[in-house]
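Before any comments, here is the structure.
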Amino acid sequence: MEDQWLLSAIYDDDLVEKLKVRSSTSSRSTSINVPSLENEFLSSSSGSRVSDDLYLHPIEENREPFKLIGKPLPSTTGRFLSLLANHFQITCNGSIIHQYYIRFDPDIPSKKLNRTILRTLQEQNPGLIECPLVFDGIHTVYSTELINVKEVNNSVINVAGVVNTKESPNLFKLYLTHVDSFLLDTKIITGNQDQNQKLRMMHAIDTVFRQTSTGNFHAVLQSFFSIAQNSAIEPSHGLGWGTVNLGVGREVCYGFYQNVVETFDTLTMNLDVATTTFYRPVALVEFLAEILEVPLATVTDGRSLSDVQKKKFNREVAGLKVETRHCSCPRRFRVARCTWKPTENISFHLSETAGNQDSKPLSLVEYYKRRYNIDLTYKHLPCIEVGRTRECILPLELCYVVSGQRCIKKLNEQQIANLIRATSRNATERQNAVMSLQNRLKMDNDVNAVKFGLKVEAQLLKIEGRVLPVPRLLYRSPNLKRQECVTVPNNGTWDMRGKNFYSGIQIREWAIVCFASPEIIGEASMRSFVRNLVNVASEIGMPFLEEHRFCRYAEPDQTVKLLEHLNEQYNLQLVLCIVPGKSVVYGELKRKGELLGLTTQCVRSQNVSKASPHTLSNLCMKINSKLGGINVILSSPPQSLNSEPVLFIGCHLTRSSLASSSDSTSSIAHCDSSIACLVGSMDGHPTQFSPIFRTQPRHQRTIVDMCEMTREAIINFRKSTGFKPHKIIIYRAGIADVTVDEIMQTELRAVRDACAMIEYGFQPGITFIGLDVTHHTRLFAANEKDRVGNSQNVPAGTLVETGITVNNLFEFYLVSHAGIQGTSRPTKYVVMWDDNSIPSADIHEMTYQLCHTQSRCTRSVSIPSPVYYAKLVAQRAKILMADENFDMERFRLCGIGRNDGMSFT
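All letters in the sequence shown, in the order written, are residues 1 to 905 by UniProt numbering.
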């Protein structure tokens with residue numbers, strides 16, 4: 001690979017002989033020792049590569065805004081495939097609509113309330129009853145007829161009884177302002193169509209179709225659900241509008257997703273089935289029993305809750321909306337926390353309300369008897385404090401969980417398993433469900449759509465796709481260690497039997513620590529597991545040459561001291577840790593191990609007692625990559641990327657909450673932060689990556705420290721390979737339509753600045769590719785013979801670059817993995833910038849090949865390995881930051897950034 005990189009710098013045949021002479025007389029080595037990161041060692045000098053001297057020339061940096069590159073001509077590589085997408089074409093008869101800006105006084109940020117106010121206005125105003133009018137719930141109203149603005153602006157709307165909180169008003173005024181009138185059109189003009197005009201058209205049409213859905217269903221973001229009590233159904237229901245109980249106070253609800261999207265030459269309706277998790281609308285006492293995972297009789301038998309149970313309940317109930325029904329009118333409250341005392345021990349003074357400073361304390365039980373004639377039954381249970389000031393205390397038995405509350409908290413393993421079983425559909429079932437949705441919602445005859453002259457076609461959108469050629473992978477032959485062994489995947493999977501790792505690590509110094517009790521993992525089971533692991537490792541080219549140096553049972557609270565002891569007494573390559581399922585031990589092991597420089601590999605106790613050859617093989621893959629080995633490489637990367645030093649970078653910005661007092665992978669100290677992760681390749685294959693991460697404010701949508709992180713990745717690449725990168729290819733996860741330009745302007749500029757910081761005139765070509773996996777586009781094979789496996793999915797390598805992509809941007813969809821369960825979600829790619837002028841076919845091939853090089857299994861994955869690794873770094877970063885005393889600077893010096901392997905895998 002390095003020889004190919006060296007020859008790539010030759011642009012003139014007359015230079016060949018000169019280079020040969022220079023190479024023969026030069027005493028430079030292929031690797032350069034760099035003493036420190038602060039040393040600007042990438043400057044041109046006598047120690048630079050010959051290829052660097054010829055390739056990069058000083059260029060004045062252009063500070064103008066970057067422009068998204070246009071759509072290239074479709075490539076022709078691969079086998080043709082006829083496909084269907086869950087998009088429905090929208091047609092329009094050219095109606096003129098009027099746009100209004102609406103303002104409410106007082107302004108309460110609630111779409112539901114705003115819609116109620118406007119609906120009440122229509123009922124009170126005879127001139128608006130028959131007026132075709134749709135509202136987005138915020139500030140925009142569309143109508144096919146002009147509205148008498150003066151008459152409407154003098155209206156006062158009374159919504160008494162709708163909002164049952166003492167802080168909320170009942171009287172509202174609203175003000176309408178005419179903004180514009182324009183012609184509805186669903187056609188997309190090829191060329192430089194005004195982007196604002198296009199977005200306005202999409203918003204108007206989307207608002208029209210959502211008007212009916214918001215009136216009939218419960219809206220959650222872009223999806224709609226039918227929320228009804230006592231509608232539990234079986235998981236094999238088909239579509240339905242019911243719920244499936246997930247346990248622990250949660251249920252999964254079924255609904256649908258709809259959104260108007262831009263495609264190649266027209267606007268389409270993206271329609272899909274949707275599921276999400278809600279809190280079960282049950283009595284709060286029943287909710288308590290489910291949270292504690294005990295029978296209802298256990299919490300109602302008179303025994304007080306333990307401190308641990310109260311803490312667990314408090315974590316779940318805080319922030320929840322509850323409803324009381326003991327008064328004449330139901331009232332809703334948001335829970336602040338649960339009380340530490342039981343109901344029977346809570347008392348208070350009525351002096352503030354009665355005006356009597358000498359009143360005696362009144363117990364809560366007696367208060368409800370006097371005021372509401374209610375005899376409280378569960379006096380042993382705690383109460384809940386509600387409201388912002390927590391001045392109101394409610395007994396659990398009088399409260400009910402409000403329906404329609406989406407649960408965004410992390411599910412446990414059993415809930416996740418139940419969720420997958422309840423929501424998984426193969427591709428054919430999902431296709432039928434989408435068609436059933438279209439018929440059931442009657443979008444082709446929607447009342448509001450008809451008034452605006454819009455219609456949704458009844459058939460799925462037909463598109464063309466191709467199946468890309470399968471990449472060839474290289475292992476080592478088990479008999480001849482230097483001989484390469486070629487493997488060709490079959491629909492994204494391959495078998496490693498009879499092959500060795502491309503570069504296996506020899507393990508001499510290693511130890512075993514079992515944190516599970518001897519009753520769970522006996523000595524015989526542990527010896528059997530270790531023997532089988534050693535045998536499998538030897539068969540695939542990662543031999544354990546020596547017996548373990550240390551093997552002992554340990555208690556969870558001994559984790560830190562034990563790792564410190566092992567680090568002082570031995571020079572270990574690996575510490576194999578057996579942990580009892582999901583345990584806090586895992587976080588402690590990873591945090592301390594990274595700071596000490598110890599490579600740890602955790603194995604769950606159930607995998608020790610029932611270790612299959614497949615499990616052991618996957619375990620060896622992780623160990624080999626952690627220790628610096630190479631499991632597999634690509635046989636033939638695209639030629640445009642095979643001849644020069646290329647730095648591959650994967651970026652991921654996790655904006656999920658880092659705070660959870662019950663989760664070992666998060667910390668309250670970092671609850672207002674998000675984690676920006678970046679990995680950079682360290683070799684020419686590329687298979688090894690160096691991880692870098694930073695914390696930043698949670699509200700930031702772009703990577704703030706992109707410049708410094710990229711600079712560090714370039715330095716690591718040069719230290720590892722001895723070459724400056726001539727090309728930098730960046731895969732950025734988390735691209736959404738509203739942030740593509742923002743990310744490009746901010747982060748691409750930061751990459752340019754990082755190169756300039758390293759050396760004046762150092763401007764490698766940059767290819768910036770964004771990924772989106774949050775969309776709802778699904779692909780179905782039109783012909784039965786093209787459907788693969790029990791899941792009936794499209795084959796791995798299915799590429800779509802026309803039909804459902806926009807006509808002015810370089811976009812494509814790629815299904816790079818084999819769908820085992822459910823319907824495969826294609827990954828959407830947006831090539832935002834490309835200095836390297838890589839042919840579109842090579843970008844497709846490169847992306848597909850990179851989905852085969854991740855080191856944890858013998859399967860292609862749904863995203864390229866640089867992004868896959870960046871997400872693994874994010875998971876590890878959460879674990880490390882769970883410690884409130886986490887020191888980022890100390891960690892950067894001795895932790896995850898060391899170059900002996902990918903410890904984050």
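By construction, the Cβ of each residue, glycine as well, lies at the ideal position given by its N, Cα and C atoms.
A quick note: this is a predicted structure, and the numbers were derived from the prediction, not measured.
Which residues DSSP lists as bridging residue i, in chain order
| i | result |
| --- | --- |
| Arg531 | Partner(s): none; Arg531 has no beta bridge. |
| Ile96 | Leu183 |
| Val456 | Ile90 |
| Leu394 | Ile384 |
| Val575 | Ala511 and Thr600 |
| Phe225 | His218 and Gly255 |
| Ala274 | Gly255 |
| Asn490 | Thr493 |
| Gly465 | Leu81 |
| residue 906 | Only positions 1 to 905 of the chain appear in this structure, which leaves residue 906 out of reach. |
Span separating the alpha-carbon of residue i from that of residue j
| i | j | result |
| --- | --- | --- |
| Glu397 | Leu288 | 10 Å |
| Ala669 | Cys651 | Model confidence at Ala669 stands at a pLDDT of 42, short of 50, so the residue's coordinates are unreliable and nothing is read from them. |
| Gln211 | Arg119 | 11 Å |
| Ser525 | Val608 | 7 Å |
| Ile431 | Ile102 | First, the amino acid is wrong: residue 431 is Gln here, not Ile. Their backbone Cα atoms lie some 39 Å apart in a straight line. |
| Gly761 | Val751 | 14 Å |
| Arg711 | Cys677 | 14 Å |
| Val244 | Glu251 | 5 Å |
| Phe904 | Leu872 | 6 Å |
| Glu151 | Ala736 | 41 Å |
| Asn216 | Glu366 | 44 Å |
| Arg325 | Ser95 | 49 Å |
| Ser403 | Leu641 | 55 Å |
| Lys462 | Lys785 | 17 Å |
| Leu171 | Thr207 | 26 Å |
| Asn39 | Phe723 | Legend: pLDDT at Asn39 = 40, less than 50; position of this residue unreliable, no value from coordinates given. |
| Asn314 | Glu708 | 41 Å |
| Ile108 | Gly387 | 18 Å |
Residue i, buried or exposed, once every other Cβ within 10 Å from all chains shown has been counted against 16
| i | result |
| --- | --- |
| Gly541 | buried |
| Tyr869 | buried |
| Gly593 | buried |
| Ile633 | buried |
| Val536 | buried |
| His844 | buried |
| Asp272 | buried |
| Leu589 | buried |
| Thr777 | buried |
| Tyr813 | buried |
| Arg497 | exposed |
| Glu262 | buried |
| Phe693 | buried |
| His699 | exposed |
Residue i - DSSP class collapsed to helix/strand/coil
| i | result |
| --- | --- |
| Phe883 | It should be noted that the sequence gives Asp, not Phe, for residue 883. DSSP places Asp883 in coil when its eight states are reduced to three. |
| Arg103 | strand |
| Gly255 | strand |
| Asn154 | coil |
| Ser45 | Note on Ser45: pLDDT 35, under 50, position unreliable in the model; the coordinate value appears next. In this structure, Ser45 counts as coil in the three-state DSSP scheme. |
| Arg890 | helix |
| Pro697 | strand |
| Pro382 | strand |
| residue 906 | Not covered by the structure: residue 906. The range shown for the chain is 1 to 905. |
| Met435 | helix |
| Phe770 | The identity of residue 770 in the sequence shown is Gly, whereas the question assumes Phe. The answer is strand: DSSP assigns Gly770 an E or B state. |
| Phe313 | helix |
| Ala781 | strand |
| Val401 | strand |
| Phe904 | coil |
| Asp683 | coil |
| Thr207 | helix |
- Length at least 3, wholly inside the region 63-89: the beta strand (DSSP E) runs in chain order: 79-85
- Message: Ignoring anything shorter than 4 residues, give me the alpha helix (DSSP H) runs that lie fully in the region 581-636, in order along the chain.
- Response: 584-596, 605-609 and 613-626
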